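Novice: Before I ask anything, here is the structure I am working with.
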Amino acid sequence: MPPPAATNNNTNGNAPPRMPVKQKMAVSLKSLVSSVLSAVPGAAGVGAAVSGPASSGGPARIESLFARTEAEVDGEECLHDCESCSVKYPRGFKVDEEDVLYGQVKGWSTHVLVGTGKTDWVRDVADERGSVMEAIQRVGGVTNGRLMLSASNLPTPHDTTDYSEPTTVLLLPAFAIVHNVHPRNVPQLISDVVNVAPTNSSPLTPWRSTIPTSLPSPDASLADLTINACPHSAVVLMCSQKTRDARCGQSAPLLRKELERHLRPLGLYRDLHDERPGGVGIYFISHVGGHKYSANVMVYRRPNAFGKDDEPLPEGVEEAAEAKEEKNGEEEKEKSDVGAAQCIWLARVRPEDCENLVRYTVLKGKVVKPERQLRGGFDRGRGLMSW
7 MPPPAATNNN
17 TNGNAPPRMP
27 VKQKMAVSLK
37 SLVSSVLSAV
47 PGAAGVGAAV
57 SGPASSGGPA
67 RIESLFARTE
77 AEVDGEECLH
87 DCESCSVKYP
97 RGFKVDEEDV
107 LYGQVKGWST
117 HVLVGTGKTD
127 WVRDVADERG
137 SVMEAIQRVG
147 GVTNGRLMLS
157 ASNLPTPHDT
167 TDYSEPTTVL
177 LLPAFAIVHN
187 VHPRNVPQLI
197 SDVVNVAPTN
207 SSPLTPWRST
217 IPTSLPSPDA
227 SLADLTINAC
237 PHSAVVLMCS
247 QKTRDARCGQ
257 SAPLLRKELE
267 RHLRPLGLYR
277 DLHDERPGGV
287 GIYFISHVGG
297 HKYSANVMVY
307 RRPNAFGKDD
317 EPLPEGVEEA
327 AEAKEEKNGE
337 EEKEKSDVGA
347 AQCIWLARVR
357 PEDCENLVRY
367 TVLKGKVVKP
377 ERQLRGGFDR
387 GRGLMSW
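Note that my numbering has the sequence shown beginning at 7, numbered continuously upward.
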């Protein structure tokens with residue numbers, strides 16, 4: 007007989023997930039404020055210099071957004087946490103198990119990960135003096151929806167943490183890597199790359215026609231911005247910012263260790279400097295909200311990232327993938343690159359969840375414990391979002 011946690015995704019026996027009074031009040035207040043701001047001309051960007059117009063469309067139901075695992079289809083393994091996991095959280099590691107998670111994240115359109123070579127930052131990363139994060143927040147000018155801004159441990163070109171040096175940015179959902187980014191060319195990054203890049207609600211069409219491979223620098227002292235496709239089939243992002251919550255600083259390295267243990271035998275683990283095609287990149291990022299639900303894990307996946315998805319690809323995408331394989335050239339691969347098809351945002355992730363997180367979420371785009379762990383996300387192929 008499977009353990010209780012495997013047959014029930016909440017902590018209250020057979021009772022359905024409930025929204026506590028405080029959470030209901032917070033959601034109601036948030037809705038009221040949003041309604042007021044939407045009625046005020048020019049208020050769309052209030053409180054966030056990097057916010058553009060909000061996206062339209064209603065939220066997808068939890069059972070519609072991502073497929074959940076079923077023992078009849080996926081095997082009995084989906085009913086059990088990892089039994090060989092030796093990694094444990096510290097004894098005092100406690101998280102909120104009562105709140106309803108799904109549908110409570112604020113929608114976003116693009117996600118910028120700035121390489122800093124660090125795993126922890128000041129409380130608000132936009133306050134990192136002289137950084138690209140500070141420049142992005144200050145410059146604003148985003149026109150294609152809300153931009154989620156994250157500092158990350160993505161390596162810098164010379165493995166330095168000096169913000170006076172140019173750095174590297176990963177732009178999602180495009181799966182585009184932008185090189186030579188500096189605070190002084192951030193306006194160009196936003197206007198010529200971010201604003202023309204695909205968003206979480208864009209159709210799955212190649213982005214190379216809108217973003218060139220190189221952009222001449224407006225500053226003679228800076229190298230040109232160059233853009234290429236991220237080589238990975240999926241990236242896993244985990245909050246590691248202990249200045250916001252000690253639990254994030256504790257959980258991220260432990261989860262990475264356990265994810266690596268399950269990815270290596272599959273030949274899919276990629277360390278920070280590994281640029282081999284395919285595989286899974288794992289990055290630490292700054293606070294994304296909801297640290298009381300640690301650990302937060304975001305999984306961005308390319309369409310049918312590992313050839314194991316049950317869902318058929320949207321019309322045209324499969325043909326593009328086949329053409330890409332026939333050409334078998336890096337240039338052709340980049341030309342047909344559509345970026346991420348999905349982002350699956352989970353919380354309350356523990357080391358013993360990592361085996362099935364790899365087996366089902368990373369490899370197949372399925373969620374094992376939606377009621378307990380799914381915060382939200384998007385599926386571009388089906389035009390669905392949780393907000």
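Quick reminder that beta carbons are idealized off the backbone N, C-alpha and C, glycines included.
Please read all numbers here as calculations on a predicted model, not as lab measurements.
State the DSSP-derived secondary structure class of residue 254, mapped to helix, strand or coil.
Specialist: DSSP places residue 254 in helix when its eight states are reduced to three.
Novice: Return the chain-ordered list of same chain residues with a C-beta closer than 8 Å to the C-beta of residue 189, the five sequence neighbours on each side being excluded.
Specialist: Answer for residue 189: 136, 137, 138, 140, 141 and 169, listed in chain order.
Novice: Suppose you measure from the CA of residue 230 to the CA of residue 118; what does that come to, to the nearest Å?
Specialist: So the two alpha carbons sit approximately 19 Å from each other.
Novice: With distances taken between CB atoms, is the gap from residue 428 to residue 91 smaller than 8 Å?
Specialist: Since the first and last residues shown for the chain are 7 and 393, residue 428 lies out of range.
Novice: Quick one: using the 10 Å Cβ neighbour count with 16 as the cut-off for buried, is residue 158 buried or exposed?
Specialist: Per the 10 Å Cβ criterion, buried.
Novice: Do residue 197 and residue 151 count as a contact pair if the criterion is CB distance below 8 Å?
Specialist: No, they are not a contact pair.
Novice: Pick from 391, 380 and 362: whose alpha carbon is nearest that of residue 82?
Specialist: It is 362 whose Cα lies nearest to the Cα of residue 82.
Novice: Could you name each continuous alpha helix (DSSP H) segment of 4 residues or more that falls completely within the stretch 152-220, going from the start of the chain to the end?
Specialist: Here the runs fully enclosed are 192-198.
Novice: Using CA atoms only, rank isn't needed, just tell me which of 156, 80 and 149 is closest to residue 134.
Specialist: For residue 134, the nearest C-alpha among the options comes from 156.
Novice: On the CB-based measure, 16 or more other CB atoms within 10 Å of its CB, does residue 273 come out buried or exposed?
Specialist: It counts as exposed.
Novice: For residue 372, count neighbouring Cβ atoms within 10 angstroms of its own Cβ and tell me buried if that reaches 16, exposed if not.
Specialist: That one is buried.
Novice: Measure from the alpha carbon of residue 293 to the alpha carbon of each residue in 253, 310 and 263, then state which is nearest.
Specialist: Nearest option by C-alpha distance: 253.
Novice: Can you look up residue 395 in the DSSP assignment and give me helix, strand or coil?
Specialist: Limits of the chain in this structure are 7 at one end and 393 at the other, which puts residue 395 out of reach.
Novice: Tell me which residues share the same chain as residue 232 and place their Cβ nearer than 7 Å to its Cβ, disregarding the 5 neighbours each side in the sequence.
Specialist: Same-chain partners within the cutoff: 185, 186, 219 and 220.
Novice: Give the range of the beta strand (DSSP E) segment to which residue 235 is assigned.
Specialist: Start and end: 231-235.
Novice: Enumerate in chain order the residues of its own chain whose CB-to-CB distance from residue 300 is below 7 Å, with the five nearest sequence positions on each side excluded.
Specialist: The answer, listed in chain order, is 101, 251, 253, 254 and 257.
Novice: Under 7 Å Cβ to Cβ from residue 68, same chain only, skipping five residues before and after it: list those, please.
Specialist: Only 108, 376 and 380 meet the Cβ criterion.
Novice: Would the C-beta of residue 295 count as close to the ligand FAD, meaning under 7 Å from any of its heavy atoms?
Specialist: This structure lacks the ligand FAD; in fact it carries no ligand of any kind.
Novice: Would you list the one or two residues that DSSP bridges to residue 121?
Specialist: Residue 121 is bridged to 158.
Novice: Is it the case that the Cβ atoms of residue 382 and residue 111 are separated by a distance below 8 Å?
Specialist: In this structure, residue 111 lies closer than 8 Å to residue 382 by Cβ.
Novice: Hey, would you say residue 236 sits closer than 8 Å to residue 181, going by beta carbons?
Specialist: Contact: yes.
Novice: Are the Cβ atoms of residue 93 and residue 248 separated by less than 8 Å?
Specialist: Against a cut-off of 8 Å, the Cβ pair of residue 248 and residue 93 comes out as no contact.
Novice: Tell me which same chain residues have a C-beta within less than 6 Å of the C-beta of residue 234, skipping the five on either side of it?
Specialist: So the qualifying residues of the chain are 183.
Novice: Measure the alpha-carbon distance for residue 195 versus residue 298 and round it to whole angstroms.
Specialist: Using only the alpha carbons, I get a separation of about 33 Å.
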